[in-house]
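Chains as they are written, first to last, in the numbering used here: chain A, 1 to 104; chain B, 1 to 532. Built from N, CA and C at the ideal position, the CB exists for glycine as well. First the structure, in the form of structure tokens, and then the observations on it.
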Amino acid sequence: MHDVNASRTTEASVPLTASAVLVNPVGLHARPSVKLTQCAKGFAAKIELALMADGPWTDAKSPVKVMRVKAPQGATLYFRVTGSDGEAALTAMLALVHDGFGEV
Amino acid sequence: MTEICLTGRAASPGLAMGPVTVLTATVASRKATGDPAREADALKAAIEGAITEISELIATVQGEVADILEFQVAMLGDDALAEGAYDAIAVGLAADHAWRSALDAEIAGYRAAEDEYFRARVADIVDIRDRVLAHLSGVSTVTKITGGSIVAGDDISPSTFLAADWTRGGAIALAAGSPSSHVAMLARARGAPMVVGLGAWLWNGRTPALALVDGDTGTVIFDPEPETRLLFEQRIAAANTARAAADAGRAEPAITADGRRIAVLLNIAAPEDLADLDPAICDGIGLVRTEFLFEASQGLPDEDSQYAVYRRILEWAKGKPVTIRTLDAGGDKPIAGLTIDGESNPFLGLRGIRLSLARPEVFRVQLRALSRAAVHGVLKVMLPMIADPSELDRAGAMLDAEFAALKAEGIACARPPLGIMVEVPAAALRAEAFGAAFYSIGSNDLTQYTMAAARDIGAVADLNDTSNPAVLALIARTVEAGAKRGVEVSLCGDAAGDTRLTTPLLATGLTTLSVAPVAVGRLKAAIAMVSS
Chain A
1 MHDVNASRTT EASVPLTASA VLVNPVGLHA RPSVKLTQCA KGFAAKIELA
51 LMADGPWTDA KSPVKVMRVK APQGATLYFR VTGSDGEAAL TAMLALVHDG
101 FGEV
Chain B
1 MTEICLTGRA ASPGLAMGPV TVLTATVASR KATGDPAREA DALKAAIEGA
51 ITEISELIAT VQGEVADILE FQVAMLGDDA LAEGAYDAIA VGLAADHAWR
101 SALDAEIAGY RAAEDEYFRA RVADIVDIRD RVLAHLSGVS TVTKITGGSI
151 VAGDDISPST FLAADWTRGG AIALAAGSPS SHVAMLARAR GAPMVVGLGA
201 WLWNGRTPAL ALVDGDTGTV IFDPEPETRL LFEQRIAAAN TARAAADAGR
251 AEPAITADGR RIAVLLNIAA PEDLADLDPA ICDGIGLVRT EFLFEASQGL
301 PDEDSQYAVY RRILEWAKGK PVTIRTLDAG GDKPIAGLTI DGESNPFLGL
351 RGIRLSLARP EVFRVQLRAL SRAAVHGVLK VMLPMIADPS ELDRAGAMLD
401 AEFAALKAEG IACARPPLGI MVEVPAAALR AEAFGAAFYS IGSNDLTQYT
451 MAAARDIGAV ADLNDTSNPA VLALIARTVE AGAKRGVEVS LCGDAAGDTR
501 LTTPLLATGL TTLSVAPVAV GRLKAAIAMV SS
């Protein structure tokens with residue numbers, strides 16, 4: 001389940017935001033964190049995640065930092081993306097979370 | 001000598017007895033250079049060395065083990081992990097001290113986690129810490145474990161586990177640890193009994209010589225009294241006999257005590273499940289789940305890649321029948337870009353055949369791939385979540401059309417017989433009304449839809465009981481419809497592998513059961529005990 005409540009602007013300077021619920025059984029643990037950061041590194045955009053809509057924001061390209069978030073199952077994951085390929089990055093992130101990182 | 005009996009949590013099943021190997025933290029000494037730049041270089045080289053070492057290890061393993069090691073590589077490759085250590089080195093700390101304190105701070109964060117899955121990662125970070133420290137000092141800190149011994153310690157790292165030979169028996173007894181840890185997963189996969197959470201050791205400084213580990217109940221007995229040891233040895237012998245009998249009987253046909261021949265088929269979720277399996281242990285494959293082909297991260301699979309997988313499975317079966325189920329997405333199996341988000345009750349929503357009929361462009365590709373694969377063996381195709389005969393008819397018409405199109409194109413193909421899963425009470429109640437080539441009872445869904453109780457909701461899980469007379473009556477009704485129409489009826493849900501249900505299931509008249517490969521020996525042994 002996810003909703004893209006983003007202001008869909010073409011200006012790269014304005015961050016895109018969206019959220020998705022973690023549906024995989026054990027939350028954002030080891031394997032999902034690796035998958036998520038690997039996917040994030042495939043984009044030039046700055047990608048951050050948080051457990052609340054207003055942060056604190058964590059670099060989604062760092063497995064060490066993503067693991068520190070300790071996001072449990074059922075938590076809502078907020079994404080904030082800035083950059084030219086931001087829209088594609090956001091779509092990919094949401095798809096990964098929604099897909100349960102292939103674990104469901 | 002007084003025996004010490006400790007109770008913890010079972011993390012991997014089975015019984016084991018053996019000499020005790022106590023894991024001790026080896027502290028390797030290292031001479032610091034005193035030069036921050038050289039210390040930073042030493043740490044960098046040690047981290048890179050650790051990454052290379054783990055990467056080499058990854059090449060030799062697969063599946064879960066590889067995932068665990070890839071996580072370690074990802075963590076080590078992230079500069080954020082060593083950030084604190086480099087800061088400390090810059091102000092004059094030695095590389096090993098800096099790394100140890102940075103990692104200990106990281107470990108403390110995991111140890112404090114509310115969620116057990118994150119707490120269980122402590123062992124991974126400790127493993128990472130020690131591997132880099134070993135590279136810094138040039139000494140291996142991984143304790144050598146002799147095969148067949150009982151490993152006792154506070155916790156055990158995946159590296160230590162993987163370095164030991166578990167083919168000769170042995171078990172793990174931990175004061176701390178977690179059933180959710182990576183090592184627990186590895187232990188279950190390798191068949192090593194494991195008990196965690198035993199609490200502080202009460203050895204009073206004297207290391208025990210022998211231990212008995214019961215991974216079924218979660219108990220460990222150190223230095224057992226002779227009579228305790230004798231009883232345990234008898235239990236191990238009984239368990240070994242039972243397992244040997246089940247394994248030996250795996251390749252034998254399943255026959256009840258009163259001489260009824262029961263067909264035992266396999267349920268598989270991916271072709272890899274068949275690796276190392278001899279087709280002789282089964283009478284065919286009763287259920288191939290195809291959801292694995294549709295993992296969203298890889299996009300929807302094209303016709304050729306589906307065909308290749310189906311063909312591989314048919315070739316493995318060497319002429320024995322193979323039943324492949326068309327995509328059963330939706331419900332508890334969402335697929336991004338295919339299933340519907342936000343249904344108020346996904347189990348009563350667009351799932352199984354309903355989704356396939358709603359997305360004909362996706363369904364047609366699967367039907368074409370199946371028709372092409374059908375020339376490579378005895379293929380049967382089954383449709384999930386059928387509730388009304390019109391659904392089968394529509395799917396049948398689509399299969400006919402794809403088969404005709406392939407033939408017109410001159411592509412080798414055959415039209416496989418089309419059967420239905422009976423998992424909705426509406427299908428069981430009037431099974432005769434369906435023109436299906438066979439019926440396969442999906443007992444998991446049939447039970448939850450009949451009893452209106454999900455098995456993963458603890459408060460109502462008791463109601464989710466396949467042996468309830470209402471569920472058994474629907475199964476018997478389906479068997480009867482199959483007999484009247486002269487078509488095969490099988491059962492492929494979890495109930496087939498639950499040997500407590502073998503007698504009531506066979507009493508319904510069922511003669512074909514389909515189970516996971518691991519349950520075949522057990523089921524055949526249970527069938528041999530049944531007499532009507």
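Q) Using 8 angstroms as the threshold, is the stretch 486-497 of chain B in touch with the stretch 432-440 of chain B, meaning 3 or more CB pairs across them? A) yes
Q: Please name the residues in the stretch 41-65 of chain A whose beta-carbon is closer than 7 angstroms to at least one beta-carbon of chain B, in chain order.
A: S62, P63, V64 and K65
(Q) Please state whether the Cβ-Cβ distance between Y449(B) and P425(B) is less than 8 angstroms. (A) yes
Q: Look up D87(B) in the DSSP assignment and say whether it is helix, strand or coil.
A: helix
Q: Please name the residue in V471(B), A528(B), T466(B) and A11(B) whose C-alpha comes closest to that of D216(B).
A: A11(B)
Q. Within 10 angstroms of its Cβ, does P19(B) collect 16 or more other Cβ (buried), or is it exposed?
A. exposed
(Q) Taking 8 angstroms as the threshold (C-beta atoms), are D155(B) and G170(B) in contact? (A) no
Q. Using the C-alpha atoms, what's the distance from R372(B) back to I411(B)?
A. 8 angstroms
Q) Where V264(B) and I255(B) are concerned, what is the direct C-alpha to C-alpha distance, given to the nearest angstrom? A) 10 angstroms
Q | Nearest residue (CA-CA) to I150(B), options A164(B), A163(B) and A173(B) | A | A173(B)
(Q) Can you pull the chain B neighbours of G83(A), defined as C-beta to C-beta under 8 angstroms? (A) Near G83(A) there are no residues of chain B at all, since even the closest Cβ is about 20 angstroms away, more than 8 angstroms.
Q.
Tell me the DSSP secondary structure of P226(B) in three-state form.
A. helix
(Q) Any beta carbon of chain B sitting closer than 8 angstroms to that of A30(A)? (A) yes
Q.
To the nearest angstrom, how far is the alpha carbon of A296(B) from that of A431(B)?
A. Below a pLDDT of 50, predicted positions are generally treated as unreliable, and A296(B), at 45, falls in that range; no measurement from the model is reported.
Q.
Would you say L81(B) lies against chain A (beta-carbon separation less than 8 angstroms)?
A. yes
**Q.** Contained beta strand (DSSP E) runs [length at least 3] in the stretch 312-389 of chain B, N- to C-terminal order
**A.** 321-325 and 378-383
Q.
Against chain A, with Cβ distances strictly below 8 angstroms, would Y86(B) count as a contact?
A. no
Q: Could you have a look at L274(B) and say whether DSSP puts it in helix, strand or coil?
A: helix
**Q.** Alpha-carbon spacing of A134(B) relative to A244(B), whole angstroms
**A.** 42 angstroms
Q. Considering only the beta carbon of each residue, do S101(B) and A112(B) sit closer than 8 angstroms?
A. no
Q. In the DSSP assignment, what residue or residues form a beta bridge with K46(A)?
A. T82(A)
Q: For A117(B), go through chain A and note every residue whose CB falls closer than 7 angstroms to its CB, in chain order.
A: Per the sequence presented here, residue 117(B) reads as Tyr, with Ala not at that position. Simply V26, G27 and H29.
**Q.** Buried or exposed (CB count within 10 angstroms, at least 16 for buried), S19(A)
**A.** buried
Q | Own chain, CB closer than 6 angstroms to L6(B), minus 5 neighbours either side, in chain order | A | L198 and V220
Q. Between R455(B) and chain A, is there a C-beta pair that is closer than 8 angstroms?
A. no
Q.
For a quick check, are the C-beta atoms of L15(B) and P193(B) less than 8 angstroms apart?
A. yes
Q) What runs of the alpha helix (DSSP H), each 4 residues or longer, lie entirely inside the stretch 398-436 of chain B? A) 425-429
Q) Counting pairs of Cβ atoms below 8 angstroms between the stretch 517-528 of chain B and the stretch 495-504 of chain B, do you hit three or more? A) yes
Q) If you measure from the beta carbon of V34(A) to each beta carbon in chain B, is any gap under 8 angstroms? A) yes
Q. Given that F71(B) touches chain A, what residues does it touch there, using C-beta distances under 7 angstroms?
A. A30, R31 and V34
Q | Top-ranked residue by Cα proximity to K318(B), from R394(B), T478(B), P301(B) and G284(B) | A | G284(B)
Q: Give the secondary structure of S297(B) by DSSP, where H, G and I count as helix, E and B as strand, and everything else as coil.
A: In this predicted model, S297(B) has a pLDDT of only 48, less than 50, meaning its place in the structure is not dependable enough to derive any value.
Q. Cβ of R122(A) less than 8 angstroms from any chain B Cβ?
A. There is simply no residue 122(A) to check, as chain A begins at 1 and stops at 104 in what is shown.
Q: Determine, using beta carbons only, whether R111(B) comes closer than 8 angstroms to chain A.
A: no
Q) L147(B) and A164(B): beta carbons closer than 8 angstroms? A) The question names Leu, yet the displayed sequence has Gly at residue 147(B). A contact, by the Cβ cut-off of 8 angstroms.
Q: For D67(B), go through chain A and note every residue whose CB falls closer than 7 angstroms to its CB, in chain order.
A: R31
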